[in-house]
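> Can you read through this structure? Questions will come right after.
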Amino acid sequence: MAKKKVGLPPLDWLRVFEVAGRLGGFSAAAKEFGLTQAAVSQRIGNLEAWLGRTLFVREARGVSLTVEGESYLPLVQDSLQALERNTEDLFGKSPRELRVAGLASNIHALVVPSLARFQAVQPNVRVVTDSVARRSSLDEERTWLQIRYGRGAWPGRDAELIAPEVLVPMVAPDVDWGASLIDLRGERPGWRDWSRKMRQGEVTLSNISFDSMEHALSAARQGMGVVLGSVPLAKADLQAGRLRKLDLPELKTRDGYWLTWPEERAKSKKQRALIADFLQVLRA
């Protein structure tokens, strides 16, 4: 290997090295940049010659980072991210669109009521929502800013709590305790969990059973019984008087509704400020 040169190697070589190291191969890096594998190999070779060090071990079945390559990769990644972030802070335009994905019920209950407040704070930002049918679909969703239900621990994602999940017996204005108990299936605690914790004795569920909190709340609004309703999702109904809380104990859970995004996405100050404004109105 030739003697290393003084200064920094070309940015193009560093970017190719970062992608090849992160994705684990020259062919993957070639696909990422729209180059041939030979062109990627040439850039890596140029970088190695510049540094005077071997960064990849070439083998018949592919390439792997050397010890020096493994040490150099995080330094290059941090430097490229810092350069991108600072360039965006100095010269980037203010975001003109905020796109958020989530379950349709969460978009309806958490985002829609907050839009007027958000537009008052960010009048030039267009809000776009993407609804998914199942929670598992969020892992495959291309929209990176998402509302998720859970405990706030998703690998590779930052998360800020919008509201903790609290369950309370709720009814329509003309319904009282003693009406049928609407059954809600799923991961949330149900009537039997509530009864055990509150020492209310055995409960008898109605013949109506839903697998969606949104549907269970809708049934309660129509006077079909008592729902163990989500306070965050029923907020608009409670404020408008379409539902009311019964004077019974509430059941707090370990779950909540979170605004989440990939760790590497919210890099610039302007992007982080936009997310902060959105989070603030969601919490209001």
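Throughout, the working numbering is defined as the position within the sequence shown, counted from one, plus 500. Think of the CB as a built atom: it goes at the ideal place given N, C-alpha and C, for glycine as much as any other residue.
(1) When DSSP builds the beta bridges, which residues end up paired with Ser631?
(2) Please report the distance separating the alpha-carbon of Thr760 from that of His715.
(3) With a threshold of 16 other CB atoms inside 10 Å of the CB of Leu717, please say whether the residue is buried or exposed.
(4) Whole angstroms is fine: what's the gap from Arg596's alpha carbon to Lys770's?
(5) Enumerated in chain order, which unbroken segments of the beta strand (DSSP E) with a length of 3 residues or greater are wholly contained in the stretch 604–679?
(6) If you run the structure through DSSP and keep just helix, strand and coil, what is Lys745?
(7) Just verifying my parser: in three-state terms, what is the DSSP assignment at Pro574?
(8) Counting only the same chain and skipping the five closest in sequence on each side, list residues whose C-beta sits under 8 Å from that of Glu641.
(9) Is Asp711 helix, strand or coil by DSSP?
(10) Taking Cβ to Cβ, would you say Phe710 is nearer than 8 Å to Leu598?
(11) Thinking just about the alpha-carbon of each residue, which of Val781, Arg783, Leu782 and Ala766 is nearest to the one in Ala582?
(12) Only counting runs of 3 or more residues, tell me where the beta strand (DSSP E) segments fall wholly within the stretch 514–575, in order along the chain.
(13) Within a Cβ cutoff of 6 Å, which residues of the same chain sit near Asn606, ignoring the five residues on either side of it in sequence?
(14) Taking contact to mean 3 or more Cβ pairs, one atom from each stretch, closer than 8 Å, check whether the stretch 731–746 and the stretch 688–700 are in contact.
(15) How is Val727 classed by DSSP in three states: helix, strand or coil?
(16) Can we say the stretch 660–667 touches the stretch 743–753, given the rule of at least three CB pairs closer than 8 Å?
(17) Just curious, the alpha helix (DSSP H) that Leu508 is in, first and last residue?
(18) Can you tell me whether Lys735 is helix, strand or coil according to DSSP?
(19) Could you check the C-alpha separation between Trp758 and Gln739 for me, to the nearest Å?
(20) Taking the beta carbon of Arg721 as the centre, do at least 16 other beta carbons fall within 10 Å, making it buried, or is it exposed?
(21) My assumption, with CB atoms under 8 Å, is that Ala549 sits in contact with Val540. Please give the rounded CB distance.
Let me spell this out:
(1) Gly602
(2) 25 Å
(3) buried
(4) 11 Å
(5) 626–632, 646–650 and 657–671
(6) strand
(7) helix
(8) Ala601, Asp630 and Val632
(9) coil
(10) no
(11) Ala766
(12) 556–559 and 562–565
(13) Ile647
(14) no
(15) strand
(16) yes
(17) Neither: Leu508 is in no alpha helix (DSSP H) and is coded neither H nor E.
(18) helix
(19) 22 Å
(20) buried
(21) That belief does not hold up - the Cβ atoms of Ala549 and Val540 are roughly 15 Å apart, past 8 Å.
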